[in-house]
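Peer 1: Got a structure here, written out as structure tokens. Questions coming.
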Amino acid sequence: MKGSNTYFYRESSSLLLRTRWVGPYLLVPPMLAFMVYAEAFLAAHGVAGIATLGQRTVLAVWNGSFLLSLVAGIKSCIYFSRTWGSDWFHNSLALPVSRSSGYWGPFLAVLTVASCVFLLTIGAVVAALPDTSRFPMIQLVAESYVPVMWAVSMGAFLGMLTTGTAGAVLLSALLLLGFIAGLPVVSIPEWLHYIIPPLGRLMTLGMRYPQGLQQVIVLLAHSAVFLMAGRLLYGIAVRRR
Amino acid sequence: MPPYISIGGYSDPPRMPYLSVEVGKGEMVAITGPPGSGKSNLIKSMAGIRGFAKGSIKILGSRAGTLRSRQNTVFVFQNWNFMPDLTIRAQLERKAALLRGVPVRDVRLDLDRWGDDHGLLKGLDSYPRQLNRSQLQMLSLAPLALCRPAVAVLDEPMTNLSSLMVSSALEVILSILEHGAVLVLCHGRSPAAGRADRLVNLA
Numbered sequence: 000m001k002g003s004n005t006y007f008y009r010e011s012s013s014l015l016l017r018t019r020w021v022g023p024y025l026l027v028p029p030m031l032a033f034m035v036y037a038e039a040f041l042a043a044h045g046v047a048g049i050a051t052l053g054q055r056t057v058l059a060v061w062n063g064s065f066l067l068s069l070v071a072g073i074k075s076c077i078y079f080s081r082t083w084g085s086d087w088f089h090n091s092l093a094l095p096v097s098r099s100s101g102y103w104g105p106f107l108a109v110l111t112v113a114s115c116v117f118l119l120t121i122g123a124v125v126a127a128l129p130d131t132s133r134f135p136m137i138q139l140v141a142e143s144y145v146p147v148m149w150a151v152s153m154g155a156f157l158g159m160l161t162t163g164t165a166g167a168v169l170l171s172a173l174l175l176l177g178f179i180a181g182l183p184v185v186s187i188p189e190w191l192h193y194i195i196p197p198l199g200r201l202m203t204l205g206m207r208y209p210q211g212l213q214q215v216i217v218l219l220a221h222s223a224v225f226l227m228a229g230r231l232l233y234g235i236a237v238r239r240r
Numbered sequence: 000m001p002p003y004i005s006i007g008g009y010s011d012p013p014r015m016p017y018l019s020v021e022v023g024k025g026e027m028v029a030i031t032g033p034p035g036s037g038k039s040n041l042i043k044s045m046a047g048i049r050g051f052a053k054g055s056i057k058i059l060g061s062r063a064g065t066l067r068s069r070q071n072t073v074f075v076f077q078n079w080n081f082m083p084d085l086t087i088r089a090q091l092e093r094k095a096a097l098l099r100g101v102p103v104r105d106v107r108l109d110l111d112r113w114g115d116d117h118g119l120l121k122g123l124d125s126y127p128r129q130l131n132r133s134q135l136q137m138l139s140l141a142p143l144a145l146c147r148p149a150v151a152v153l154d155e156p157m158t159n160l161s162s163l164m165v166s167s168a169l170e171v172i173l174s175i176l177e178h179g180a181v182l183v184l185c186h187g188r189s190p191a192a193g194r195a196d197r198l199v200n201l202a
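Protein sequences appear in the order of chains X and L.
Position 69 (the first sequence) corresponds to 68 in numbering that gives the first Met the number 0; numbering is contiguous.
Position 63 (the second sequence) corresponds to 62 in numbering that gives the first Met the number 0; numbering is contiguous.
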């Protein structure tokens with residue numbers, strides 16, 4: 000039947016394009032600009048090391064990715080929790096739609112919006128930087144997209160597990176933990192990098208020169224595990240209610 | 000001809016200990032009972048979004064909850080099932096298009112015509128919070144008129160209607176009987192119960 004698998008995707012897309020949901024993404028450009036200026040200021044005053052042009056390019060892309068992951072993650076937790084917990088959503092399952100599309104539809108809609116904003120943000124960053132031809136930009140952009148995907152997947156899991164606010168707090172904590180654990184000044188056992196999402200590690204490795212395929216795979220595995228765990232919880236919730 | 004709706008030995012204690020009923024084509028059956036007697040749980044069980052302890056529910060020969068059982072069936076829930084953040088038009092058009100298996104643009108004209116006939120054309124472009132309960136209740140019945148399903152299961156479809164809208168709503172519900180079956184869950188004094196072919200009282 001036509002539309003039976005895209006119903007929730009289209010409903011979610013309509014909702015997510017409303018000001019209330021798109022609005023938070025508008026925070027990304029000023030925050031990013033602030034971070035770029037703060038880094039330049041700190042470097043000029045000797046607080047941070049002087050970065051080469053290449054490092055600044057990579058750092059700007061990673062800053063964009065990190066900020067977007069934070070906003071997309073928080074937004075996903077709130078959106079998923081509200082949607083899957085609402086009566087209208089639950090009663091919509093009485094329509095001739097496949098039950099699993101109730102999980103994948105909203106997830107894909109959130110991911111689509113986050114991906115579009117990611118492309119716009121990173122596109123703007125790259126366009127503003129001089130001489131990017133010396134860097135493997137496609138690889139860098141592809142790697143910096145993985146944290147956004149991780150944030151939305153984690154948002155789906157937490158949105159299913161708990162309330163929007165609690166999920167947003169948990170996600171922010173995990174994102175920061177993953178970021179801090181990967182910084183060169185923080186020393187943690189190697190095996191912990193496989194448990195804690197290697198967000199910061201991916202970023203610091205990328206700072207030297209775009210690399211970190213192993214971290215990308217670990218982060219993708221993290222995303223897949225939490226996404227499937229969310230799907231499992233969704234299945235249980237749909238049957239039990 | 001097999002019944003369009005068949006509920007056999009349905010049990011969902013403590014509210015509804017036992018229920019068996021069959022509804023055939025061209026028939027309207029009303030299940031009546033006081034608030035808290037398990038009517039809303041029954042419609043959710045029929046839609047497959049709530050489990051139940053015992054018994055079986057079949058719609059158009061398929062087990063309740065399966066995609067097949069939902070394909071030619073319209074469920075109207077007591078809380079109208081409208082999303083607060085989208086206009087009524089956006090929601091009804093998508094729902095009707097989904098049930099009819101056609102693109103959204105193909106139902107637009109029908110929806111406008113239906114809205115105009117019932118004095119709800121302006122209401123279609125409103126958000127749920129901008130409408131009163133009577134208007135929302137009437138609009139929740141629109142998929143019945145737009146999709147002409149074989150089976151309609153309605154939970155308290157008349158409770159919030161203003162006296163002006165009662166006859167229009169009844170007309171919409173009764174139009175299903177030309178080709179389908181209707182099961183209404185309502186309180187005993189509902190106008191829908193008065194027009195039903197059979198009454199099953201849960202009290």
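Note that CB positions come from ideal geometry on N, CA and C, so glycine has one too.
Helix, strand or coil for G181(X)? Go by DSSP, reduced to three states.
Peer 2: On the first sequence, position 182 is the one that residue 181(X) refers to. DSSP places G181(X) in coil when its eight states are reduced to three.
Peer 1: Considering only residues of the region 105-163 of chain L, which uninterrupted beta strand (DSSP E) runs meet the minimum length of 3 residues and lie entirely inside it, listed in chain order?
Peer 2: Runs found: 150-154.
Peer 1: Which bits of chain X does F74(L) rub up against, with CB to CB less than 7 Å?
Peer 2: As a first step, residue 74(L) must be located in the second sequence, where it is residue number 75. Ordered by position in chain X, the residues that pass the 7 Å Cβ test against F74(L) are A93.
Peer 1: Between the alpha carbons of A195(L) and Y24(X), how many angstroms are there, rounded?
Peer 2: Working through the second sequence from its first residue, we reach residue 195(L) at position 196. Working through the first sequence from its first residue, we reach residue 24(X) at position 25. Computed Cα separation, rounded: 54 Å.
Peer 1: Please return the same chain residues whose Cβ sits closer than 6 Å to the Cβ of T82(X), not counting the five positions on each side in sequence.
Peer 2: The count along the first sequence starts at 1 and reaches residue 82(X) at position 83. Once the five neighbours on either side are set aside, the close Cβ partners of T82(X) are F88 and P105.
Peer 1: Can you tell me which of L92(X), L218(X) and C76(X) puts its alpha carbon nearest to the alpha carbon of G166(X)?
Peer 2: Mapped onto the first sequence, residue 166(X) falls at position 167. Nearest C-alpha to G166(X): C76(X).
Peer 1: According to DSSP, is I48(L) helix, strand or coil?
Peer 2: Within the second sequence, residue 48(L) is the residue found at index 49, counting from 1. DSSP places I48(L) in coil when its eight states are reduced to three.
Peer 1: What does Y233(X) reach in chain L if we use C-beta pairs closer than 8 Å?
Peer 2: Mapped onto the first sequence, residue 233(X) falls at position 234. By Cβ distance, chain L contributes nothing, its closest Cβ being about 13 Å from Y233(X), past 8 Å.
Peer 1: According to DSSP, K53(L) sits in a beta bridge with which residue or residues?
Peer 2: Here the question's residue 53(L) lines up with position 54 in the second sequence. In the DSSP output, where bridge partners are listed per residue, K53(L) has S10(L).
Peer 1: Quick one: any contact between the region 116-131 of chain X and the region 105-112 of chain L, if contact means 3 or more CB pairs under 8 Å?
Peer 2: Contact fails: fewer than three Cβ-Cβ distances are below 8 Å.
Peer 1: My understanding is that I204(L) touches D154(L), with C-beta atoms under 8 Å, so please give their C-beta distance in whole angstroms.
Peer 2: The first residue shown for chain L is 0 and the last is 202, placing residue 204(L) beyond what the model contains.
Peer 1: For the 8 Å Cβ check, are there 3 or more pairs between the region 180-200 of chain X and the region 27-36 of chain L?
Peer 2: No, they do not touch.
Peer 1: In the region 10-44 of chain X, which residues sit with their C-beta less than 8 Å from some C-beta in chain L, listed in chain order?
Peer 2: Result list: E10, S13, L14, R17 and R19.
Peer 1: Do you know how far the Cα of I187(X) is from the Cα of I179(X)?
Peer 2: Residue 179(X) sits at position 180 when you count from the first residue of the first sequence. Residue 187(X) sits at position 188 when you count from the first residue of the first sequence. Going by the C-alpha atoms only, they are around 10 Å apart.
Peer 1: Excluding sequence positions up to five away, which residues of its chain have a Cβ less than 6 Å from the Cβ of G187(L)?
Peer 2: In the second sequence, the residue the question calls residue 187(L) occupies position 188. Within the same chain, G187(L) has close Cβ partners T31.
Peer 1: Should A96(L) be listed as close to the ligand HEM, given that the test is whether its C-beta is under 6 Å from any heavy atom?
Peer 2: Inclusion of the ligand HEM in the displayed structure is not the case, the ligand content being empty and no account of it being possible.
Peer 1: Comparing the C-beta of M0(X) with each C-beta of chain L, is any distance below 7 Å?
Peer 2: Translated into the one-based positions of the first sequence, residue 0(X) becomes position 1. For M0(X), the predicted structure reports a pLDDT of 48, less than 50, and the residue's modelled location is therefore unreliable. The matter cannot be settled from this model.
Peer 1: Just to confirm, are S222(X) and M159(X) a CB contact at a threshold of 7 Å?
Peer 2: On the first sequence, residue 222(X) is found 223 positions in, with the first residue counted as 1. On the first sequence, residue 159(X) is found 160 positions in, with the first residue counted as 1. No, the Cβ-Cβ distance between S222(X) and M159(X) is not below 7 Å.
Peer 1: Could you confirm whether any beta carbon from chain X is found closer than 7 Å to the beta carbon of G85(L)?
Peer 2: The residue given as residue 85(L) occupies position 86 in the second sequence. Looking at the sequence itself, residue 85(L) is Leu, so the reference to Gly does not match. It does: the Cβ of L85(L) has a partner Cβ on chain X nearer than 7 Å.
Peer 1: Output the distance between the C-alpha atoms of S99(X) and L41(X), rounded to the nearest integer angstrom.
Peer 2: Reading the first sequence from its first residue, position 100 is the one you call residue 99(X). Reading the first sequence from its first residue, position 42 is the one you call residue 41(X). One C-alpha to the other measures close to 49 Å.
Peer 1: Using a C-beta cutoff of 7 Å, does R69(L) count as contacting chain X?
Peer 2: By 1-based counting over the second sequence, the position of residue 69(L) is 70. Yes, its Cβ sits closer than 7 Å to a Cβ of chain X.
Peer 1: Flag W87(X) as yes if its beta-carbon sits less than 7 Å from any beta-carbon of chain L, otherwise no.
Peer 2: Numbered from 1 along the first sequence, position 88 holds the residue referred to as residue 87(X). Closer than 7 Å: yes.
Peer 1: Check each candidate in R200(X), V109(X) and A228(X) and name the one with the smallest Cα separation from R17(X).
Peer 2: What you label residue 17(X) is simply residue 18 of the first sequence in a count that begins at 1. Checked all of R200(X), V109(X) and A228(X); the closest Cα to R17(X) is V109(X).
Peer 1: Would you grab the beta carbon distance between L18(L) and I87(L) for me? Rounded to a whole angstrom, and I think it's under 8 Å.
Peer 2: On the second sequence, residue 18(L) is found 19 positions in, with the first residue counted as 1. On the second sequence, residue 87(L) is found 88 positions in, with the first residue counted as 1. Their Cβ separation, rounded to whole angstroms, is 33 Å, which puts L18(L) and I87(L) out of contact at 8 Å.
Peer 1: Taking the C-alpha atoms as reference points, what is the distance between A150(X) and F65(X)?
Peer 2: The residue you call residue 150(X) lines up with position 151 of the first sequence. The residue you call residue 65(X) lines up with position 66 of the first sequence. Roughly 10 Å between the two C-alpha positions.
Peer 1: When you compare each of S39(L), R14(L) and A52(L) to G7(L) by their alpha carbons, which one comes out closest?
Peer 2: As a position in the second sequence, residue 7(L) is number 8, starting the count at 1. Among S39(L), R14(L) and A52(L), the Cα nearest to that of G7(L) is on A52(L).
Peer 1: So, helix, strand or coil for M0(L), using DSSP?
Peer 2: Here residue 0(L) is taken as the residue at index 1 of the second sequence, counted from 1. Here M0(L) sits in coil by DSSP.
Peer 1: Quick one: give me the first and last residue of the alpha helix (DSSP H) that T162(X) is part of.
Peer 2: The residue labelled residue 162(X) in the question sits at position 163 within the first sequence. No alpha helix (DSSP H) contains T162(X), which DSSP labels as neither H nor E.
Peer 1: On the premise that V145(X) lies in contact with V215(X), defined as a C-beta separation below 8 Å, what is that separation, rounded to the nearest angstrom?
Peer 2: For the purposes of this step, residue 215(X) is taken as the residue at position 216 of the first sequence. For the purposes of this step, residue 145(X) is taken as the residue at position 146 of the first sequence. Sure, about 5 Å apart at Cβ, within 8 Å.
Peer 1: Would you check if the distance between the CB atom of L176(X) and the CB atom of M153(X) is smaller than 7 Å?
Peer 2: Mapped onto the first sequence, residue 176(X) falls at position 177. Mapped onto the first sequence, residue 153(X) falls at position 154. No. Outside cutoff.
Peer 1: What is the C-beta distance between G179(L) and P148(L), in whole angstroms, given that I count them as a contact (C-beta under 8 Å)?
Peer 2: As a working mapping, residue 179(L) is identified with position 180 in the second sequence. As a working mapping, residue 148(L) is identified with position 149 in the second sequence. The pair is a contact, with the Cβ atoms about 6 Å apart (cut-off 8 Å).
Peer 1: For the 8 Å Cβ check, are there 3 or more pairs between the region 150-168 of chain L and the region 73-80 of chain L?
Peer 2: Yes, the region 150-168 of chain L touches the region 73-80 of chain L.
Peer 1: Please compile the residues from chain X whose C-beta is within a distance smaller than 9 Å of the C-beta of R194(L).
Peer 2: In the second sequence, the residue the question calls residue 194(L) occupies position 195. The premise fails here: R194(L) is roughly 24 Å from chain X at the closest Cβ pair, so nothing lies under 9 Å.
Peer 1: Helix, strand or coil for S152(X), going by three-state DSSP, please let me know.
Peer 2: Position 153 of the first sequence, counted from the start, is the residue given in the question as residue 152(X). DSSP places S152(X) in helix when its eight states are reduced to three.
Peer 1: DSSP on E10(X), reduced to helix/strand/coil?
Peer 2: In the first sequence, the residue the question calls residue 10(X) occupies position 11. Here E10(X) sits in helix by DSSP.
Peer 1: CA-CA distance, L31(X) and V103(L)?
Peer 2: Position 32 of the first sequence, counting from 1, holds the residue named residue 31(X). Position 104 of the second sequence, counting from 1, holds the residue named residue 103(L). Near 40 Å, if we compare the C-alpha coordinates of V103(L) and L31(X).
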